[in-house]
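As structure tokens, the structure follows; a few thoughts come after it.
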Amino acid sequence: MEAVSISIATDALIQWALQSGEILSLHVSQLTNETRQWLDGGDIGQVLAIALRTDPAHCPLGLLLVADVAERFWSNYQIEVLEVVGRQLAWSRRYLMLTEKLTARKEELEQLNWYKHRSLEYLCWTLSHDLKRLNILNPAPNGTSSRTGISGLSTSDMRSRQLIQQMGMHLNNMRPLLMDEQWQVSCTETTIPLVSLLKRAIARVDPLIQQRKLWTKVHNELNIKIIGDIAKTELVLHEILAAACRRAPRQSGVDVWCRAIDFNWLELSITDQGSIDSLLLNELHHGQPMDKLAQSWLDSSPGLELSICQRIIQAIGGEFNLYALEDGRILSQMTLRIDNSSNSSKGWTTVSGTPQPTSI
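Take 190 as the starting number for the sequence shown in our numbering and just add one per residue.
Written out as structure tokens, the structure reads:
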């Protein structure tokens with residue numbers, strides 16, 4: 190039998206069934222010529238059609254068609270049975286589609302993770318090898334002085350030695366990632382001064398700031414330390430700052446606001462004058478649509494990155510969300526833990542209560 194191409198967008202029977210919330214019953218005389226080209230048969234006198242849906246809010250997953258002789262009468266009981274069959278077929282098809290989608294995504298992410306992890310291992314191995322060669326070519330002389338630095342070295346040589354040492358420290362900092370986080374994410378708790386965290390994050394987005402001719406300002410900078418997984422916190426902060434810089438109109442500003450909620454929590458807010466889709470904000474606040482097969486704003490940039498940042502911050506004990514303020518600005522707001530073991534209550538104040546995004 191020769192295959193027939195069916196146009197879902199223009200075929201009347203298919204569109205009627207997809208738009209109907211119940212079983213559609215039609216006499217063969219009501220079918221269009223386009224439908225009769227693929228739905229033919231000498232004994233067909235009536236057609237019953239039902240869209241396969243697992244929920245009225247979900248997209249249809251298919252169509253169940255029953256072709257019958259014109260003389261047969263379908264009782265209410267038979268109609269109900271057909272509806273049950275349609276729902277069961279819809280759930281079965283949904284299960285298969287979700288399984289196929291998640292399996293394909295899992296395999297894709299496993300390959301991507303393996304490729305990036307092995308590339309990072311190779312990069313670290315190459316840099317370690319080059320550092321060893323640099324140390325051989327530029328050995329440190331015996332004897333040091335705490336005031337004048339390494340004796341017997343010129344200023345340029347001292348700077349070279351310092352850069353080599355810093356590169357070695359950066360490589361050592363990568364070891365936990367390579368050893369402990371190959372196939373799963375783990376958290377390591379350390380501390381960092383808030384000033385250093387902000388300084389490094391802003392320095393990383395400086396090329397973007399210069400490119401878009403933006404200005405940045407930090408308000409109410411506090412002399413406190415942040416505790417948590419600092420490596421992940423710094424990456425998230427960079428992602429949020431970079432997103433704000435991309436949203437912000439050229440020659441506009443990006444503000445960073447610091448506010449101690451209490452002695453345990455810091456509220457870090459970033460405001461820009463850009464725009465963001467309200468549907469993306471809604472999904473960030475309430476999660477993806479119920480229908481996991483439907484398109485989501487969190488499946489692609491920038492929603493994907495922002496959603497990942499939100500989950501990471503929650504995993505390490507903080508919070509992150511985006512808001513559209515009444516004055517038109519976009520607010521990116523994070524809550525981070527304060528290290529009380531080394532902070533004094535002198536020199537900074539706290540504001541108790543739930544953070545209010547419109548107060549900035």
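All C-beta atoms, glycine included, are put in the ideal place defined by N, C-alpha and C.
Please state if the CB of residue 203 and the CB of residue 239 are separated by a distance shorter than 8 Å.
no
Between which two residues does the beta strand (DSSP E) harbouring residue 523 extend?
DSSP places residue 523 inside the beta strand (DSSP E), whose first and last residues are 519-527.
Would you list the one or two residues that DSSP bridges to residue 414?
382
Could you tell me whether the region 193-208 touches the region 259-269, using the rule of 3 or more Cβ pairs below 8 Å?
When C-beta atoms of the region 193-208 are compared with those of the region 259-269, fewer than three pairs fall below 8 Å, so the two segments do not count as touching.
Residue 466, enclosing beta strand (DSSP E) - first and last residue:
No beta strand (DSSP E) holds residue 466; DSSP gives it neither H nor E.
With 16 other CB atoms within 10 Å as the buried threshold, where does residue 358 fall?
exposed
Considering only residues of the same chain and omitting the five flanking positions on each side of residue 456, which have a CB-CB separation below 7 Å?
448, 450, 522, 524, 544
Under the criterion of a Cβ to heavy atom distance below 7 Å, does residue 228 qualify as lining the ligand ATP?
Of ligands this structure carries none, so the ligand ATP is not represented either.
Hey, could you find the ends of the alpha helix (DSSP H) residue 361 is sitting in?
Membership of residue 361 in the alpha helix (DSSP H) is indicated by the continuous run 344-369.
Count the other CB atoms within 10 Å of the CB of residue 217; is the residue buried (16 or more) or exposed (fewer)?
buried
With residue 273 as the anchor, note down where its alpha helix (DSSP H) starts and where it stops.
265-326
Would you say the region 435-443 touches the region 401-417, given that touching needs at least three Cβ pairs under 8 Å?
yes
When burial is assigned at 16 or more other CB atoms within 10 Å of the CB, is residue 481 buried or exposed?
exposed
Counting only the same chain and skipping the five closest in sequence on each side, list residues whose C-beta sits under 7 Å from that of residue 547.
Residue placement at residue 547 cannot be trusted, given a pLDDT of 42 that sits under 50; what the coordinates show is reported in the next sentence. Excluding positions up to five away in sequence, the list reads 514, 515.
Go ahead and label residue 305 buried or exposed: buried means 16 or more other beta carbons lie within 10 angstroms of its beta carbon, across all protein chains shown.
Answer is exposed; the Cβ neighbour count stays below 16.
Does DSSP put residue 488 in a helix, a strand or coil?
In the three-state reduction of the DSSP assignment, residue 488 falls in the helix class.
Between which two residues does the beta strand (DSSP E) containing residue 407 stretch?
404-408
In DSSP terms, what residue 508 is bridged to
524
Report buried or exposed for residue 512, applying the criterion of at least 16 other Cβ atoms within 10 angstroms of its Cβ.
buried
Measuring CB to CB, does residue 505 end up less than 8 Å from residue 421?
yes
Using the Cβ count rule (16 or more neighbours within 10 Å means buried), how would you classify residue 333?
For residue 333, the pLDDT reaches just 49, beneath the cut-off of 50, and the residue's location in the model is therefore unreliable, leaving the point undetermined.
Does DSSP put residue 445 in a helix, in a strand, or in coil?
Assignment of residue 445 by DSSP, reduced to helix, strand and coil, places it in the strand class.
Whether residue 429 touches residue 465 by CB criterion (8 Å):
no
Can you give me the C-alpha to C-alpha distance between residue 434 and residue 426, rounded to a whole angstrom?
Looking at the two C-alpha atoms, the distance is approximately 12 Å.
Give the secondary structure of residue 235 by DSSP, where H, G and I count as helix, E and B as strand, and everything else as coil.
strand
Endpoints, the alpha helix (DSSP H) within which residue 228 is located:
Unbroken run through residue 228: none, as it is neither H nor E.
Can you check whether the CB of residue 243 is closer than 8 Å to the CB of residue 303?
No, the Cβ-Cβ distance between residue 303 and residue 243 is not below 8 Å.
My assumption, with CB atoms under 8 Å, is that residue 367 sits in contact with residue 309. Please give the rounded CB distance.
7 Å
How would you call residue 390, buried or exposed, if buried means at least 16 neighbouring beta carbons within 10 angstroms?
buried
Can you look up residue 450 in the DSSP assignment and give me helix, strand or coil?
Three-state result, residue 450: coil.
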